[in-house]
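Student:
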Amino acid sequence: MSSEIQHTIQLVGAVARNPQVRLAAPASLDLLADEHLAIVGPNGAGKSLFVDLLTGKYPLSAGSLTYDFRPSATTTVYDNIKYIAFRDTYGSADANYYYQQRWNAHDQDDAPIVSEQLGSPKDDQLARQLFSLFQMEPLLNKKLILLSSGELRKFQLTKALLTAPRILIMDNPFIGLDAPTRQLLLSLLDELSRMQSLQIILVLSMLDDVPGFITHVVPVSDRRVGEKMPREAYLQSFKNSEEERAATGADTWSDLQQRILSLPYTHTNFTGRQVVQLNKVSIRYDDRVILRELDWQVDRGQKWALSGENGAGKSTLLSLICADNPQSYACDISLFGRKRGTGESIWEIKKHIGYVSPEMHRAYLKNLPAIEIVASGLHDSIGLYKRPQPGEMAVCEWWMDIFGIASLKDKPFLQLSSGEQRLALLARAFVKDPELLILDEPLHGLDTYNRRRVKKIIEAFCRRDDKTLIMVTHYEEELPCNITNRLHLKRS
37 MSSEIQHTIQ
47 LVGAVARNPQ
57 VRLAAPASLD
67 LLADEHLAIV
77 GPNGAGKSLF
87 VDLLTGKYPL
97 SAGSLTYDFR
107 PSATTTVYDN
117 IKYIAFRDTY
127 GSADANYYYQ
137 QRWNAHDQDD
147 APIVSEQLGS
157 PKDDQLARQL
167 FSLFQMEPLL
177 NKKLILLSSG
187 ELRKFQLTKA
197 LLTAPRILIM
207 DNPFIGLDAP
217 TRQLLLSLLD
227 ELSRMQSLQI
237 ILVLSMLDDV
247 PGFITHVVPV
257 SDRRVGEKMP
267 REAYLQSFKN
277 SEEERAATGA
287 DTWSDLQQRI
297 LSLPYTHTNF
307 TGRQVVQLNK
317 VSIRYDDRVI
327 LRELDWQVDR
337 GQKWALSGEN
347 GAGKSTLLSL
357 ICADNPQSYA
367 CDISLFGRKR
377 GTGESIWEIK
387 KHIGYVSPEM
397 HRAYLKNLPA
407 IEIVASGLHD
417 SIGLYKRPQP
427 GEMAVCEWWM
437 DIFGIASLKD
447 KPFLQLSSGE
457 QRLALLARAF
467 VKDPELLILD
477 EPLHGLDTYN
487 RRRVKKIIEA
497 FCRRDDKTLI
507 MVTHYEEELP
517 CNITNRLHLK
527 RS
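Take 37 as the starting number for the sequence shown in the working numbering and just add one per residue.
#1: Run through the DSSP bridge pairs and tell me what serine 370 is partnered with.
#2: Tell me the start and end of each unbroken beta strand (DSSP E) in the region 314 to 346 that is at least 3 residues and wholly inside, in chain order.
#3: Using the beta-carbon count (16 or more within 10 Å), is isoleucine 149 buried or exposed?
#4: Label glutamate 187 either buried or exposed according to how many other C-beta atoms from any shown protein chain fall within 10 Å of its C-beta, with 16 as the threshold for buried.
#5: Would you call histidine 397 buried or exposed, if buried means 16 or more other Cβ atoms sit within 10 Å of its Cβ?
#6: Rounded to a whole number of angstroms, what is the C-alpha to C-alpha distance between isoleucine 519 and glutamine 338?
#7: To the nearest angstrom, report how far apart tyrosine 133 and proline 394 are at their CA atoms.
#8: In terms of alpha-carbon separation, which member of Leu299, Ser364 and Tyr103 lies closest to valine 317?
#9: Where do the ends of the alpha helix (DSSP H) carrying threonine 352 lie?
#10: Would you call the region 66 to 78 and the region 163 to 178 in contact, with 3 or more CB pairs under 8 Å?
#11: Quick check on DSSP: helix, strand or coil for alanine 69?
#12: Whole angstroms is fine: what's the gap from glutamine 46's alpha carbon to aspartate 66's?
#13: Is the beta carbon of leucine 473 closer than 7 Å to that of glycine 530?
#14: Using three-state DSSP, classify arginine 53 as helix, strand or coil.
#15: Note the first and the last residue of the continuous beta strand (DSSP E) segment covering glycine 390.
#16: Since I believe lysine 83 is in contact with valine 239 (beta carbons under 8 Å), could you give me their beta-carbon distance rounded to a whole number of angstroms?
#17: Our contact map puts leucine 462 next to phenylalanine 439 with C-beta atoms below 8 Å; I'd like the distance itself, whole angstroms only.
#18: Express the C-alpha separation of arginine 189 and arginine 458 in angstroms, rounding to a whole number.
#19: Could you pull out every residue in the same chain whose Cβ sits closer than 7 Å to the Cβ of leucine 414, ignoring the five residues on either side in sequence?
#20: If you measure between the beta carbons of threonine 194 and methionine 172, is that distance less than 7 Å?
#21: Give me the Cβ distance between valine 254 and glycine 262, rounded to the nearest whole Å; I'm assuming they're in contact under 8 Å.
#22: Return the bridge partner residues of isoleucine 237 from the DSSP annotation.
#23: Give every residue of the same chain whose Cβ lies closer than 7 Å to the Cβ of alanine 341, excluding the five residues on either side of it in the sequence, and list them in chain order.
#24: Specify the secondary structure class of aspartate 88 as computed by DSSP and reduced to three states.
#25: Restricting to Cα atoms, I'd like to know which of Ile203, Leu213 and Thr111 is closest to glutamate 345.
Laid out in structure tokens, this is it:
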């Protein structure tokens, strides 16, 4: 009898024993062998907690979890389920990694090489296909720490797929990838989904981004796991709910933007025309040229979109401006009218700049209350070393409210969902009302609603007098409507 139904994962009425990681109601899922699943929901909904239950990370106080990994030769979860979590976008969640390490060559000596971390493939043909898809050859001899966030995403996907898992779980797999690579990855996953021995589970915050090879969707909201439904049924219900939400949201966005436009101006000590000036700037790591004789001038009030494929040098360029890269002092760079290296301190530079980036998100392993993470932006520290004044804390709360996370102010940062963490880091970038706002992939991991919200916030902030913006994104639709200039970098 070949008609027997195979239940690859069967979770029934599961409740985690630890209350800290418990969902609001018992969770169930019956994943059949011919299904590919998307777990969808807004930021903070409980998607990652649900995946942790599915992978057996937490002991249960009630319910059951069983697996049937046939035709796999082994029965262990370790061999059969590979999970690429959100933080893996920026490399392993390594407690030894610190912000700016990527730019400091003398702290990279012990960093592993990409080829060492990939290991031996189980399937040579699959390995060739993956290496070709992700253009891995040029990366094989690079230190892991030197990869851009997009290159790290390619590395993590290659590493997971090389093990030929029975179930591949990926958290927001398309973020951080440039448009051609996104399309290639989509094609590869579509091909892989036709293999009988592989099932794919995607965890998605962008609720409108469910690929065609997905057969079923499980919605998660308010820490409750919904019923599994066919993809088409989900898309129709999502479309209807989105239309309703959009119809009621216009007034909300208008009020939100007006609050930002009504802010008093507190930092008006810079009045020069030039904000950033780079003259023939070149950056090399070993024999690899990242930037080659780049000339670039950013004037006060301009709004720049910075684009380029993965590894083209976008984040490196921003690290030079923010004085996070030691090579910036060997380059001809002026900031706010002052030439780099003429006596100004890093802190004098940073006090004019609000900044968020994938590197910053990766480095934030501080388990402080969320409001203290936001407050650290007042003094440009990773962590809070200077106690804010009561008035400053009120400003932090104001910006957390603007970003919709005021209720999370006392929650430890590492207990927030990845999307909530990103919103806190965005509030940190805005909290001192900076003259120059540098946003590197700011909408990473945000759900549809919060992407819309943050875009409206950026647009309103940019409508204020003399505010200058540099923004990186691989999604054209994420750019604010007030972009005035563009710079596109090409790989050297």
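For glycine and all other residues, C-beta sits at the position ideal for the given N, C-alpha and C. Note that the structure is a prediction, hence the values are computed from the model and not measured.
Tutor: Taking the structure as given:
#1: Gln313 and Lys375
#2: 324 to 335 and 339 to 344
#3: exposed
#4: buried
#5: buried
#6: 8 Å
#7: Note that tyrosine 133 scores a pLDDT of 43, beneath 50, so its modelled location is shaky and nothing firm can be said.
#8: Ser364
#9: 350 to 357
#10: no
#11: coil
#12: 5 Å
#13: No answer is possible for residue 530: the residues shown for the chain start at 37 and end at 528.
#14: coil
#15: 389 to 392
#16: 5 Å
#17: 6 Å
#18: 18 Å
#19: Pro424, Glu428, Val467 and Lys468
#20: yes
#21: 6 Å
#22: Leu73 and Ile205
#23: Met507, Leu515, Ile519 and Arg522
#24: helix
#25: Leu213
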